[in-house]
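In what follows, a structure is listed as structure tokens, so that the remarks can point back to it.
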Amino acid sequence: MTALVSLLLFLALFLLAIAILYYPSHFRTPKQYTLSKDSGIVLSISISSNHAFSKIPAQSITLLENLGVEGDCHCGSEVQHLSRRKSKPYPPNLRQVHLIQSELFQEFRDPGSDGMKYIVRPGDLGENITTAGLDLLGLGVGTKLHFINSATNESEGNHAVVRVTGLRNPCLQISRFQSGLQERCLVRNEAREIVDRRAGIMSVVEVGGVVTKDARIVAEKPKIYEALACV
Numbered sequence: 001m002t003a004l005v006s007l008l009l010f011l012a013l014f015l016l017a018i019a020i021l022y023y024p025s026h027f028r029t030p031k032q033y034t035l036s037k038d039s040g041i042v043l044s045i046s047i048s049s050n051h052a053f054s055k056i057p058a059q060s061i062t063l064l065e066n067l068g069v070e071g072d073c074h075c076g077s078e079v080q081h082l083s084r085r086k087s088k089p090y091p092p093n094l095r096q097v098h099l100i101q102s103e104l105f106q107e108f109r110d111p112g113s114d115g116m117k118y119i120v121r122p123g124d125l126g127e128n129i130t131t132a133g134l135d136l137l138g139l140g141v142g143t144k145l146h147f148i149n150s151a152t153n154e155s156e157g158n159h160a161v162v163r164v165t166g167l168r169n170p171c172l173q174i175s176r177f178q179s180g181l182q183e184r185c186l187v188r189n190e191a192r193e194i195v196d197r198r199a200g201i202m203s204v205v206e207v208g209g210v211v212t213k214d215a216r217i218v219a220e221k222p223k224i225y226e227a228l229a230c231v
């Protein structure tokens, strides 16, 4: 019996070591960043070919102009989210690339008004790009995000660009993922009315290209600021 327990413990530790080796971003302690309105970095990349809630970490993704992430289930000129495809004609896809700032994950780890803590890793909420240092939720409609990879010559302009379209609405699937987490993604006033949403932003691809982990993000602001609404 003791030998069996030892074997099971060894197998558990072995599997944990493999998971940490191949998915380090799911286990590392998040670095603290000061939020900026102008720039940040790509902390993690995620993709999924099927309509699972969470996406799988990757080293890079390829953005396709006016379509989205190559090989991702939400790639297309028309909306791909299943909840939005119940009637025809399908609306244009304003949700091609989903981004979330990792600073929200740290907030979820802290006890909320309900006393609950939530552990959320990059890709868990279905985002393609997890950022650090850039205040995504404070950006305006039409902001262009330039992704400058370390091997890219910025002066040549050869880099991917997405245009921000709006906020992601914290859907019921978030609560199914972790009970109570959907409410933590909502901001309510004293009358319990929803006044803001904190589940990341949506965008469309203006210029295609490869986006890698640790790429620098530069925000190009529109001349007139328009606050983000749900899309």
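The UniProt record's numbering puts the first residue of the sequence shown at 1, with every later residue one more than the last.
Yeah, the Cβ is synthetic: ideal placement off N, Cα and C, and Gly gets one too.
Item, Value
"Pair within 8 Å by beta-carbon distance, G126 and S36", "no"
"Buried or exposed by the 16-neighbour rule on C-beta atoms within 10 Å, applied to P91", "exposed"
"Inside the segment 70 to 109 only - beta strand (DSSP E) runs reaching at least 3 residues", "97 to 101"
"Any 3 or more C-beta pairs closer than 8 Å across the segment 97 to 107 and the segment 127 to 138", "yes"
"Proximal residues to V164 (C-beta, below 6 Å), its chain only, five neighbours per side dropped", "L139, T143, I201, S203"
"Test item: CB-CB of L145 and C230 under 8 Å", "no"
"Contact check, residue 240 vs N128, beta carbons under 8 Å", "Since the first and last residues shown for the chain are 1 and 231, residue 240 lies out of range."
"For V42, the nearest candidate out of K221, E226, I217 (CA to CA)", "I217"
"Beta-carbon proximity check, Q59 vs T212, cutoff 8 Å", "yes"
"Between the CA atoms of P122 and residue 234 - distance to the nearest angstrom", "No answer is possible for residue 234: the residues shown for the chain start at 1 and end at 231."
"Proximal residues to Y118 (C-beta, below 8 Å), its chain only, five neighbours per side dropped", "F108, R109, Q178, G180, L181, R184"
"Exposure of L63, with buried meaning 16 or more beta-carbon neighbours within 10 Å", "buried"
"Straight-line Cα distance separating P222 from P24", "In this prediction, P24 has a pLDDT of 48, which is less than 50 and means its spatial position is unreliable; nothing more can be read from the coordinates."
"Reduced DSSP secondary structure (H/G/I, E/B, other) of residue 266", "Residue 266 is absent from the structure shown; the chain starts at 1 and stops at 231."
"Distance, A52 Cα to Q173 Cα", "10 Å"
"Cα-Cα separation, H74 to E193", "30 Å"
"Burial state of S46 (16 or more Cβ within 10 Å)", "buried"
"Nearest neighbour of E151, chosen from C171, A215, V195 [CA to CA]", "Rather than Glu, the amino acid found at residue 151 in this sequence is Ala. Selected option, being the one with the closest Cα: A215."
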